[in-house]
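Shown next, in structure tokens, is the structure this report addresses.
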Amino acid sequence: MNVMDRHKFVVALLMKENRATVAELAGATGASEMTIRRDLEVLESRGALRRVRGGAVSNLPGGVEPPYAVRAMSGAQAKERLAASVMDLLTDGETVALDTGTTAVAIARAMAGRQFTVTPLSLHAAFELSGQPGIQLLLPGGQVRPEELSFHGHTPVQTFRDLCFDTFVLGCCGVDPIQGATAYNLDDVQVKRAAVASARRVVLVATADKLGRTALGRICPMDRIDLIVTDAPESSPVVEELRAQGVEVVHPSDG
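In the working numbering, each residue carries its 1-based index in the sequence shown increased by 48.
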């Protein structure tokens, strides 16, 4: 395994088993115990785990948003496919609000070569967009949450109250047919709500693991979402329930 694959493996194993020893991780990955100890040091610095004598325990309890660095390690290809599908839904010249998160960063990257006015809800996406000549970048301002680099506070909320967007590309921590779109961080929820209210169309993008999950803060009900882009299987009970409610669901293969 290369270093990225090892890190993903360690995080996934700890989320499943909660605890693992250095010897167990070395045997499972084929790396030396010294290499595993270095991996654990790096992952601890990213908030993914806590080192203990002889190994590590998970630092990701249920009901809490995993750190950005941890989420960025997984599902890169799936996020790229979702981003390509979102691009198929956007028309050059649109004004677009783009949510926070790792999938939003993939979408920002996919905007290369297109013509949009974009207001990103995080600096991660802004960094991706800043070097693209076809993008007119408009930042919402406000305080910036560490690591997530999302804007929060009165300033971005007021920005979205003052502007009108063609499309808000919404990310979330969970989407449920009854509870709607939800997120863990309540400061982020306030900005997302304002962005939803500012947009003529709301496109929700969610990887399969988000469907059927509910986080603490409610962003908006399902009737405020115009379309969902997801890689969840067509046969997923949540997808079937959403479609039964009249929600349009698009898969990457559809485009």
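We put the CB at the ideal spot given by N, CA and C, even for glycine.
Three-state secondary structure (DSSP) of residue i
i, result
"A120", "coil"
"I183", "strand"
"P115", "coil"
"A229", "strand"
"T143", "strand"
"G78", "coil"
"R248", "strand"
Residue range of the unbroken alpha helix (DSSP H) whose run includes residue i
i, result
"S178", "L171 to S178"
"A280", "That residue, A280, is in no alpha helix (DSSP H); it is neither H nor E in DSSP."
"R85", "E81 to S93"
"T151", "T150 to A158"
Paired residues, beta bridge with residue i - DSSP
i, result
"Q191", "H200"
"E296", "L275"
"C212", "C212 pairs with nothing; no bridge assigned."
"R67", "V105"
"R291", "None; R291 has no bridge partner."
Best match in the options for proximity to residue i [C-alpha to C-alpha]
i, options, result
"L187", "H200, P181 and E195", "H200"
"T215", "G103, A96, T139 and V100", "T139"
"V217", "V100, D235 and V153", "V153"
"T77", "E92, L61, D235 and A243", "L61"
"P300", "A96, A126 and A120", "A126"
N- and C-terminal bounds of the beta strand (DSSP E) containing residue i
i, result
"A224", "Looking at the sequence provided, one finds Asp at residue 224 rather than Ala. G222 to D224 is the span of the beta strand (DSSP E), which, as asked, contains D224."
Beta carbon proximity, residue i to chain D, threshold 8 Å
i, result
"A79", "Here chain D cannot be found, since the structure has a single protein chain."
Could you tell me whether the stretch 130–141 touches the stretch 275–282, using the rule of 3 or more Cβ pairs below 8 Å? yes
Would you call the stretch 248–263 and the stretch 167–177 in contact, with 3 or more CB pairs under 8 Å? Too few Cβ pairs lie closer than 8 Å, so no.
If contact is defined by three or more beta carbon pairs under 8 Å, each pair taking one atom from either stretch, is the stretch 171–182 in contact with the stretch 200–209? In the pairwise beta carbon analysis, the stretch 200–209 is classified as not touching the stretch 171–182: fewer than three pairs are separated by under 8 Å.
Do three or more CB pairs link the stretch 229–243 to the stretch 281–294 at distances below 8 Å? no
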